[in-house]
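Structure first, then comments.
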Amino acid sequence: MKRFSEFVVGESFHSTCSISDDELGEYLKFSKIRNVFLEDKMKNNQKLVSGRAILSRMEGEFTRLDQIYGNHIIFLGTDGDPSWNNRNTRFLKPLHTNQVLKLKFTISEKLDIDREFGKIVIDYEGSTQDNELIIISKKNIYRIKKEPAQQSIKNKTQKQTSMD
18 MKRFSEFVVG
28 ESFHSTCSIS
38 DDELGEYLKF
48 SKIRNVFLED
58 KMKNNQKLVS
68 GRAILSRMEG
78 EFTRLDQIYG
88 NHIIFLGTDG
98 DPSWNNRNTR
108 FLKPLHTNQV
118 LKLKFTISEK
128 LDIDREFGKI
138 VIDYEGSTQD
148 NELIIISKKN
158 IYRIKKEPAQ
168 QSIKNKTQKQ
178 TSMD
């Protein structure tokens, strides 16, 4: 796990994933999405994956990265990217169930909020095994505690021990 102070603008992290038929079914059931287009789109017995399902999986994979997991982090939202006509997310090609999705997460901004918290802004990219870009999502904003929970507990314990 990296601390807020260790993150560098321009730094990228990578992961891979896929979305199974069962996972897509669970997502559609939970989200209550009904879309005939999604129900009828099949390719080699693979279902078309909803864009929101792709984004949800990317978000989940981001929080599971070794560099991120263990931090107190919360998704605050998204901003349009002024250098990209204020767009945030674009789906460039379809993704089907069980298709491998290669993920890239890049820190595009890092800001102090106060003594306790900072913000990191993450740009997501997802591509196929053949490096065809499927999705771009810019300016995903996260609030992150500067000192992770484990470190806070350790520091409090050390202070109490030194006072005894």
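Okay, so the sequence shown: first residue is 18 according to the numbering used here, each after it adds one.
We put the CB at the ideal spot given by N, CA and C, even for glycine.
To the nearest whole angstrom, what separates the beta carbons of residue i and residue j, a pair I think is in contact under 8 Å?
i, j, result
"N105", "K156", "6 Å"
"Y159", "F92", "6 Å"
Quick check on the burial criterion: 16 or more other C-beta atoms within 10 angstroms. Buried or exposed for residue i?
i, result
"I184", "This structure gives no information on residue 184, because the portion of the chain shown stretches from 18 to 181."
"R74", "buried"
"T114", "buried"
"K64", "buried"
"L128", "exposed"
Quick one: what does DSSP say residue i is sitting in, helix, strand or coil?
i, result
"F24", "coil"
"D131", "coil"
"D83", "coil"
"D98", "strand"
"E109", "A small fix is needed here, since residue 109 is Leu in this sequence, not Glu. Coil, per DSSP."
Here's a check: name, in chain order, each residue in its chain whose Cβ is nearer than 6 Å to the Cβ of residue i, leaving out the five neighbours to either side.
i, result
"K119", "T33, S144"
"I170", "A caution first: I170 carries a pLDDT of 48, below 50, which makes its placement in the model unreliable, though a value can still be read off. Nothing listed; no residue qualifies."
"Q126", "Checking the sequence shown, residue 126 turns out to be Glu, not Gln. Result list for E126: V138, in chain order."
"Y44", "A70"
On the DSSP bridge list, what partners appear for residue i?
i, result
"T145", "T145 is not bridged to any residue."
"E126", "V138"
"I4", "An answer regarding residue 4 cannot be provided, because it is not within the stretch 18 to 181 covered by the chain."
"R160", "I91, K136"
Report all residues from its chain with a CB closer than 7 Å to the CB of residue i; omit the five preceding and five following residues, and keep chain order.
i, result
"T95", "N105, K156, N157, I158"
So, is the C-beta of residue i closer than 7 Å to a C-beta in chain D?
i, result
"Y44", "Reference to chain D is not applicable here, since this structure consists of a single protein chain."
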